[in-house]
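S.K.:
The following block contains the structure:
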């Protein structure tokens, strides 16, 4: 019995090879794409994989809103928060701070810039990373202790055990190695070379503790609940808002906090400066569902269409005594065989594509049948479900027919379900069109955001030196002067912030507009900043070396000029605000340009000249001779600051690095959307073949009546055009809504133009035409006598 | 009207080659009513397909409606079919998805008829075969005899010079078969040329001339009445 079922099933599939191949490829690609997306989503949802009690581990997210300013969201919090929590929660919670800094580590003459996390002693009991040596509970108890990652240990100490060895931090302090951890995996926020005690003199936590300002947000606040509840933390946070930010009650500023599961925290920070949800993951999940739905619909569609051909076989079998159950079973065998084969092929595809996808995403995705048995089981279940849906309808309808009915119905085409089939085709096209439209906008926005940032560079390449803050004031000054005087270079400037920097220096004043608080970002720039970037002045004059240094003279950007109450930039020039000790005198206005990130609005900026807080040197190098220019930069740095390795980067590379993640996501999304469209096309191809075949008789009649080949092709192609047009009408409003929602998350966004909609529509139509016209042409060309004999 | 000279036609499958027509010559004159008879497989339907320009002969000459068509292009054949030939099939060959009047209209779509002209012709043809009252029905809602009358209406709607009927009564009972034959006889008396394939000697008697085929050759020709 089973053998008979299998052989018939396999023979039916072999007889309709094209149909079987279309379904197999469609199903396999769909299953593979969905599995890959599932793996990716799981990777993203399983950050900090080493956490022993992920459900007990929290992080504080701060929302800061300042008057007249967009404000910011940050996972960093005031460093004094930890003491408050410890007092309030006692031993019902472990609390530790984390702050990462670029630090020069040196052992003997081995010296390099490393990312170091400064943390409290409890850190490793909260963030339970794997220790290869040392005691996680007490490794960082002493202020001069440091824990190295395995690769850092090898880098600095080679094969010998580093425990007890000393290492120099920032040429200022010495630390003793008290532990070695396994290198952190790709999906953790704590991917650092080393972790040092927060009490180290180099630690910024230490420095900020001394300053003691609740308006400074510098360190992550990590909490592991040990009896305390989220409500306890909430209560404490509300109290802090109340007591530490009295200005919230009077002004229009606000400081509020949220509690975030550590595992979800990376979602919060992927977007600089702005907390964002899991939008791209949700989009991906939707795409996965659409892909499976499209492939499933295709399969069901083709299977039901095909089933009509087997009416005669059913009639014969029934007249030979087959029961209804036997017929149902038999008609279900074929779709089950196909879906299971599709699934097997999908596993092969997943294994082939996984390394490639991991590479593109910069993530390590793994798939193992043993460990991921739930996923395998789920995939099998979905495959069987698709098979059941595809087989059940025809199986039930056909098995119900009496043998006579079945034999009589054999010649007729199935008219009843053709409307359902049309509806399914429309739905499928609508999904494809919607996906294309949304992807075009995502791509456009990703490119736009990058381009806006890139345009700022303009002309010859810019090189950014990142660790200017290391140097003392006089060294910094000579460094910039020497870079400027160097004939191999095209000029240099310096600033307190730069592209892709997330640090902000905000100021709020009430002496600028009567009765109003006004917030803006303060940026210290060297006078050559504007000319070097080729930003023109809208009004007034530039800062001048010597004349404005340390003075109150400032330049506003256009937004700040408006915010200060000037309709015309010209009106701002020469105006002064504030009392003698904190006076601002406006000497110039520059146009708005994205200072740090295109995702954010260009807020009000106030530029002044204070070389003591410069953190970046920006050097323009001649594009024609980059190598000697870089050598000159390195030489000048080495001469002036021999103890610090230089950290430099091309501005465009720096930007590209920042945007790579966004662009990568957009690319992968585009890839999967294309897969969905392709699967849709495969289904269409099958359906076209079926329709053409089913209509052979009709075409024969029409040709006997004198229809030419062109007439017949037109007929078949037009018949297909209608569902595509209906699909467009359905897809456009939904796509528009989705795009509007998605773009709302960006400050500087691309306009919603009609062309992506037209491209998607015309594209799908052309694709559909191409897919069907081959079949239409073949059928239309056949001699009418042949077509009619088909009966 | 149509003249075949030494026409041959054979079919190939993977294994065998079947000769359907062997060196066949035949002339159909305007106003004739010709019945083609013979056992199954003698080439009747092949001959009719070739007469109707649905299929091309492998060899020999063919002249139809004053034009050499032995090696005419698809476009020319389609035009000749649309303008000059009407078909009636054994299994009616109506399109299930279209109504009766839409089915009849199909024969006018590919000629040079305007929309209102088409409506008029469809109505005329349907009333000539007595099916005007069923214009909006679907083929499945009609009996076999009614379906065949619709098929005849379709064949005459474009006012063709030649009507080709492939066993038009084969799927009908005696009563309906006789009605259809009467209709074809009437059309012939009104001046149309009719060529019909049939198994039934009774129905062949309606024709003025009977051509008998065997193994792809004309073996006998008889004039009736």
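Chains as they are written, first to last, in full-length UniProt numbering: chain W, 1 to 791; chain Y, 1 to 225.
Built from N, CA and C at the ideal position, the CB exists for glycine as well.
(1) Do residue 499 of chain W and residue 670 of chain W come within 8 Å of each other at the CB atom, strictly closer than that value?
(2) Exposed or buried, which one is residue 194 of chain W when buried takes at least 16 other CB atoms within 10 Å?
(3) Sort W/363, W/332 and W/367 by Cα distance to residue 346 of chain W and report the nearest one.
(4) Residues of chain Y with a CB under 7 Å from the CB of residue 702 of chain W: which are they?
(5) By the 10 Å Cβ neighbour count, where 16 or more other Cβ atoms means buried, how is residue 120 of chain W classified, buried or exposed?
(6) For the beta strand (DSSP E) holding residue 480 of chain W, just list the boundary residues, first then last.
(7) Starting from the C-beta of residue 177 of chain Y, find all residues in its chain whose C-beta is less than 7 Å away, skip the five residues before and the five after it, and write them out in chain order.
(8) Whose C-beta lies closer than 7 Å to the C-beta of residue 256 of chain W among residues of the same chain, with five residues either side of it excluded?
(9) Suppose you measure from the CA of residue 649 of chain W to the CA of residue 105 of chain W; what does that come to, to the nearest Å?
(10) What number of angstroms, rounded off, separates the C-alpha of residue 102 of chain W from the C-alpha of residue 290 of chain W?
(11) Let's see if you can read the secondary structure: which residues bound the beta strand (DSSP E) around residue 506 of chain W?
(12) If distances are taken between C-alpha atoms only, which option among W/324, W/88 and W/118 comes closest to residue 96 of chain W?
(13) Starting from residue 255 of chain W and walking both ways along the beta strand (DSSP E), at which residues does that stretch end?
(14) Work out the CA separation of residue 72 of chain W and residue 274 of chain W for me, nearest whole Å.
(15) Given a cut-off of 8 Å, decide if residue 217 of chain W and residue 74 of chain W are closer than it, judged by their beta-carbon atoms.
(16) Just checking: is the beta-carbon of residue 707 of chain W within a distance shorter than 8 Å of some beta-carbon in chain Y?
(17) Are three or more beta carbon pairs between the region 634-652 of chain W and the region 457-476 of chain W nearer than 8 Å?
(18) To the nearest angstrom, report how far apart residue 689 of chain W and residue 772 of chain W are at their CA atoms.
(19) Scan the UniProt domain "ABC3 transporter permease C-terminal" (286-403) of chain W and note each continuous alpha helix (DSSP H) run of 4 residues or more that stays entirely inside, going in chain order.
(20) Residues of chain W with CB closer than 8 Å to the CB of residue 192 of chain Y, please, in chain order.
(21) Closest to residue 261 of chain W by C-alpha separation, out of W/162, W/57 and W/561, would be which residue?
(22) Kindly indicate if chain W contains any beta-carbon less than 8 Å away from that of residue 95 of chain Y.
(23) Is the beta carbon of residue 518 of chain W sitting closer than 8 Å to the one on residue 554 of chain W?
(24) For residue 49 of chain Y, tell me which candidate among Y/130, Y/143 and Y/21 has the shortest Cα-Cα distance.
(25) Return no unless some Cβ of chain Y is closer than 8 Å to the Cβ of residue 12 of chain W.
(26) Taking the continuous beta strand (DSSP E) assigned at residue 211 of chain Y, which residues delimit it?
(27) Give the residues of chain Y in contact with residue 796 of chain W, contact being defined as C-beta atoms less than 7 Å apart.
(28) If you draw a straight line from the alpha carbon of residue 135 of chain W to that of residue 55 of chain W, how long is it in whole angstroms?
(29) According to the neighbour-count rule (16 or more other Cβ atoms, all chains shown, within 10 Å of its Cβ), is residue 569 of chain W buried or exposed?
(30) Select from W/732, W/753, W/757 and W/780 the residue whose C-alpha is nearest the C-alpha of residue 707 of chain W.
(31) Going by C-alpha to C-alpha distance, which of W/32, W/7 and W/25 sits closest to residue 672 of chain W?
(32) Contact defined as beta carbons within less than 8 Å: I believe residue 288 of chain W pairs with residue 34 of chain W. What is the distance between those atoms, to the nearest angstrom?
(33) Whose C-beta lies closer than 7 Å to the C-beta of residue 340 of chain W among residues of the same chain, with five residues either side of it excluded?
(34) Rounded to the nearest angstrom, what separates residue 416 of chain W and residue 391 of chain W at their Cα positions?
(35) For the candidate residues Y/59, Y/146 and Y/206, whose alpha-carbon lies nearest to that of residue 126 of chain Y?
(36) Just the chain W side, please: which residues come within less than 8 Å of residue 65 of chain Y by C-beta, in chain order?
M.R.: Taking the coordinates as given:
(1) no
(2) buried
(3) W/367
(4) 106
(5) buried
(6) Here residue 480 of chain W belongs to no beta strand (DSSP E); instead the alpha helix (DSSP H) covers 473-485.
(7) Around residue 177 of chain Y: 169 and 203.
(8) Excluding residues within five positions, the ones whose Cβ falls inside 7 Å are 63 and 241.
(9) 20 Å
(10) If you take the alpha carbons of residue 102 of chain W and residue 290 of chain W, they lie about 44 Å apart.
(11) 506-513
(12) W/118
(13) From DSSP, the beta strand (DSSP E) with residue 255 of chain W extends over 254-261.
(14) At residue 274 of chain W the pLDDT is 38, less than 50, meaning the model places this residue with poor confidence; the figure from the coordinates comes in the next sentence. Cα-Cα distance, rounded: 6 Å.
(15) A distance below 8 Å separates the beta carbons of residue 74 of chain W and residue 217 of chain W.
(16) yes
(17) yes
(18) Approximately 8 Å, taken between the alpha carbons.
(19) If we require 4 residues or more, the alpha helix (DSSP H) runs fully inside the UniProt domain "ABC3 transporter permease C-terminal" (286-403) of chain W come out as 311-319, 324-361 and 373-400.
(20) None at all; the shortest Cβ gap to chain W is about 17 Å.
(21) W/57
(22) yes
(23) no
(24) Y/21
(25) no
(26) 209-214
(27) With chain W running from 1 to 791 in the structure shown, residue 796 of chain W is simply not present.
(28) 24 Å
(29) buried
(30) W/780
(31) W/32
(32) Going by Cβ atoms, the distance from residue 288 of chain W to residue 34 of chain W rounds to 5 Å, so yes, they are a contact pair.
(33) 383
(34) Note on residue 416 of chain W: pLDDT 45, under 50, position unreliable in the model; the coordinate value appears next. One C-alpha to the other measures close to 17 Å.
(35) Y/146
(36) Correct list: empty, because the minimum Cβ distance to chain W is about 13 Å.
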